[in-house]
Amino acid sequence: MGPWWPPRVVVPTHAQNHLIYVTLSRFENISFWRTKEAAGQYSDEPGSGLVQVVIFEAADRDDIGGSAYGGQRSICCTPDLAKLEGCKQGEVIKIRSSTDSNWPVILNVKFKGNSLKSRMRSREIYISKTGMYNLFFISCDPKLKGLVMNGRTLWKNPDGYLPGRMAPSMIFYVLMSLAYLLLCFLWFFQYIRHWNEVLQLQHCITVVVTLGLLEMVLWYLEYANFNSTGVRPVILTSWVVTLGAVRKTLSRLLILSVSMGYGVVRPTLGGLTSKVLVLGITYFLATELLNITEYVGTINDISGRARLLFVLPDSFLDAFLILWIFTSLSKTLEQLQAKRISVKLDIYRKFSNALAVSVLASVAWIGYEIYFKATDPFNERWQSAWIITAFWDILAFAVLCVICYLWAPSQSAQRYAYSDGTGQDYNDEEAQSLTGGKSAGDINLVKQVKEDRNGANNNAYDSEEDDTPAGEGE
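Heads up, the final residue of the sequence shown is numbered 474 in full-length UniProt numbering, and it's a clean run with no missing numbers.
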């Protein structure tokens, strides 16, 4: 006889919670339905068709089930195990804990005679030990194949309804909200102070910074609501994940646009605009689908295979974006180096170094995440699991801080902006270095001489191609 898990469950059957002092586990309106064929196999005997509710700590998983002659482990008591271990055939094997004789907890629910429905009596289980607890509904009776269950299980910790593995995230989002608030204050202070000098690129950065703050605040509110009510409203969670998908998409498009030299070495993206928009829309849809699957109306992690189905498109697009970003960044650096525009070149070198560090950190963290999950199949390290997802928010914030620092609004912001003459920036710098303390009229004279010498070679960057004028720098 093999164990049975209901094929359709309205509420999670694998509840996991962080338990401090006393935690409440409550069963409400739990009902089971069996098929007419299954009910017809029983007479009007008082109890028939056993379903068992099992609650145990992950660390005590070996106290559930047994193995005959060293073979495959079985949750249900088989004829061989009944002889060897003295268990009752057709029921879940339970080995009493050495520290608490009341654990694991097994509750029995039986059908009456040939009735189709059996209802579990509402009851509460109090848990006083911190740990990861699992809840299973099991039937060892093969006649109950096709059994259906619905109802509600409620878990409440001393601090609220938020599961233990999610509780640290609420504090994390408070800290991230404060970090974004500080960044917003510093950015908007400079943004308003130098409003007349603000570049188009800096308007885009402002949008991303604002969305980041809103996302962190909404995540905190969503977790706080879950902690106080025990439910995750679909509308609120949908708004949060949608805003997060928008912020994530715009952040990546911002990095891509900066790497292409938008607003610095080219006034627009030109013919690349449509390609960037298509990529942005595709990335948003993939991210939105993944986030909705993971968070909307969900408490426990989705299964590995199901998650992989949604993670792959998102990961593929991330890899494609990284390739495109570094390809564009390489071309932009080559253009700036060829034109000898030292101010812009210095900024882009710092930016490329920051991106390289972030990519290396991402690869290293992905490796750690794989190791973490592979070595913790039973979620026994649940207290530190929140760090896995928190890292990506921290990394995104760090990259955004770098961009804000490099392209912060200032009185001299216009020297980073695109100019019609590609040699203009270089000519300005060279004129100032050659004339030293000369007057503005002298500087203009030097600039005029150089412009006459170079003539038409000082052309604007093509918004589509990487042009390097032959006469530049001679």
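Note that the Cβ used here is the ideal one computed from N, Cα and C, for glycine as well.
Because the structure is a prediction, the values reported are computed rather than measured.
Using a threshold of 7 Å, state whether the C-beta atoms of A245 and F185 are closer than that.
To locate residue 245, count along the sequence shown from 1; it is residue 245. To locate residue 185, count along the sequence shown from 1; it is residue 185. Not closer than 7 Å, so no.
Three or more C-beta pairs below 8 Å linking the stretch 154 to 172 and the stretch 227 to 239
Enough Cβ pairs lie closer than 8 Å, so yes.
Among the residues of its own chain, which have a CB less than 7 Å from the CB of G65, if the five just before and after it don't count?
Position 65 of the sequence shown holds residue 65. A distance below 7 Å between beta-carbons, with the five flanking residues on each side excluded, links G65 to the following residues of its chain, in chain order: R73, S74, I75 and I93.
Count the other CB atoms within 10 Å of the CB of Q335; is the residue buried (16 or more) or exposed (fewer)?
What you label residue 335 is simply residue 335 of the sequence shown in a count that begins at 1. So Q335 counts as buried.
Of all the alpha helix (DSSP H) runs that stay within the bounds of the stretch 224 to 293, which reach a length of 4 or more residues?
Runs found: 234 to 259.
Counterpart residues of V208 in DSSP-defined beta bridges:
For the purposes of this step, residue 208 is identified with residue 208 of the sequence shown, where counting begins at 1. DSSP lists no partner for V208.
Please look up how many angstroms separate the CB atoms of L50 and N108, rounded, as I've assumed it's under 8 Å.
The count along the sequence shown starts at 1 and reaches residue 50 at position 50. The count along the sequence shown starts at 1 and reaches residue 108 at position 108. Confirmed, about 6 Å.
Note down the Cα distance separating K331 from M260, rounded to an integer number of angstroms.
Within the sequence shown, numbered from 1, the residue matching residue 331 stands at position 331. Within the sequence shown, numbered from 1, the residue matching residue 260 stands at position 260. In this structure, the alpha-carbon of K331 lies about 8 Å from that of M260.
Return the chain-ordered list of same chain residues with a C-beta closer than 6 Å to the C-beta of C204, the five sequence neighbours on each side being excluded.
What you label residue 204 is simply residue 204 of the sequence shown in a count that begins at 1. Closer than 6 Å at Cβ, skipping near neighbours: L254.
Residue of Y368, M170, I55 and F27 minimising C-alpha distance to Y133:
Here the question's residue 133 lines up with position 133 in the sequence shown. The shortest Cα separation from Y133 among Y368, M170, I55 and F27 belongs to I55.
What whole-angstrom Cβ distance do F32 and K117 have, given they're in contact under 8 Å?
For the purposes of this step, residue 32 is taken as residue 32 along the sequence shown, with counting starting at 1. For the purposes of this step, residue 117 is taken as residue 117 along the sequence shown, with counting starting at 1. For F32 against K117, the beta-carbon gap comes to about 7 Å, under 8 Å, which counts as contact.
Distance, Cα to Cα, G280 vs L250?
Within the sequence shown, numbered from 1, the residue matching residue 280 stands at position 280. Within the sequence shown, numbered from 1, the residue matching residue 250 stands at position 250. Rounded to whole angstroms, the gap between the alpha carbons of G280 and L250 is 8 Å.
For S110, the residue or residues it bridges with in DSSP:
Along the sequence shown, one-based indexing puts residue 110 at 110. The question names Ser, yet the displayed sequence has Lys at residue 110. In the DSSP assignment, the residues bridged to K110 are L50.
Which value, in whole angstroms, describes the spacing of the CA atoms of N291 and P233?
Working through the sequence shown from its first residue, we reach residue 291 at position 291. Working through the sequence shown from its first residue, we reach residue 233 at position 233. Distance between the alpha carbons of N291 and P233 is about 15 Å.
Counting Cβ pairs closer than 8 Å, one from the stretch 356 to 373 and one from the stretch 204 to 214, do we hit at least three?
Flag = no, the stretch 356 to 373 and the stretch 204 to 214 do not touch.
Which of the three DSSP states, helix, strand or coil, is assigned to G151?
Reading the sequence shown from its first residue, position 151 is the one you call residue 151. If DSSP states are grouped into helix, strand and coil, G151 belongs with the strands.
State the start and end residues of the unbroken alpha helix (DSSP H) segment that holds L37.
Counting from 1 along the sequence shown, the entry for residue 37 is found at position 37. In the sequence under discussion, the amino acid at residue 37 is Glu, which differs from the Leu named in the question. Membership of E37 in the alpha helix (DSSP H) is indicated by the continuous run K36 to A39.
Using only CA atoms, which one of K344, W195 and L323 lies nearest to Y262?
As a working note, residue 262 is residue 262 in the sequence shown. Checking every option, the nearest Cα to that of Y262 belongs to K344.
Grouping DSSP H, G and I as helix and E and B as strand, with all else coil, what is S358?
In the sequence shown, the residue the question calls residue 358 occupies position 358. In the structure shown, S358 sits in a helix (DSSP, three-state: H, G or I).
Continuous beta strand (DSSP E) assignments of at least 3 residues falling wholly in the stretch 69 to 149:
The beta strand (DSSP E) runs of length 3 or more contained entirely in the stretch 69 to 149 are, from start to end of the chain, 105 to 111, 117 to 119, 123 to 127 and 133 to 138.
What three-state label does DSSP hand I341 in the structure shown?
Taking the first residue of the sequence shown as position 1, residue 341 is located at position 341. It is coil, neither helix nor strand.
Do you know offhand how far V402's Cα is from E222's?
As a working mapping, residue 402 is identified with position 402 in the sequence shown. As a working mapping, residue 222 is identified with position 222 in the sequence shown. Roughly 29 Å between the two C-alpha positions.
C-beta atoms of R165 and A385 nearer than 7 Å
Walking along the sequence shown from the start, residue 165 turns up at place 165. Walking along the sequence shown from the start, residue 385 turns up at place 385. For R165 and A385, yes; Cβs fall inside 7 Å.
May I ask which residues mark the beginning and end of the alpha helix (DSSP H) holding A398?
By one-based count along the sequence shown, residue 398 stands at place 398. W386 to L406 is the span of the alpha helix (DSSP H), which, as asked, contains A398.
Return the residue from the list V399, F397 and F372 that minimises the CA-CA distance to I387.
Counting from 1 along the sequence shown, the entry for residue 387 is found at position 387. Comparing Cα-Cα distances from I387 to each of V399, F397 and F372, the minimum goes to F372.
With W187 and V209 assumed to form a contact (beta carbons below 8 Å), what rounded beta-carbon distance in angstroms separates them?
Residue numbering aside, residue 187 sits at position 187 when the sequence shown is read from its first letter. Residue numbering aside, residue 209 sits at position 209 when the sequence shown is read from its first letter. For W187 against V209, the beta-carbon gap comes to about 5 Å, under 8 Å, which counts as contact.
Just to confirm the assignment, what range does the alpha helix (DSSP H) spanning I171 have?
Translated into the one-based positions of the sequence shown, residue 171 becomes position 171. DSSP places I171 in the uninterrupted alpha helix (DSSP H) bounded by A167 to R193.
Hey, would you say M120 sits closer than 7 Å to I30, going by beta carbons?
For the purposes of this step, residue 120 is identified with residue 120 of the sequence shown, where counting begins at 1. For the purposes of this step, residue 30 is identified with residue 30 of the sequence shown, where counting begins at 1. Yes; because the gap between Cβ atoms is below 7 Å, this pair is in contact.
Candidates S238, A319, T130 and A68: which alpha carbon is nearest A83's?
In the sequence shown, residue 83 corresponds to position 83, counting from 1. Correcting the residue identity first, residue 83 is Lys in this sequence and not Ala. Of the listed residues, the one whose Cα sits closest to K83 is A68.
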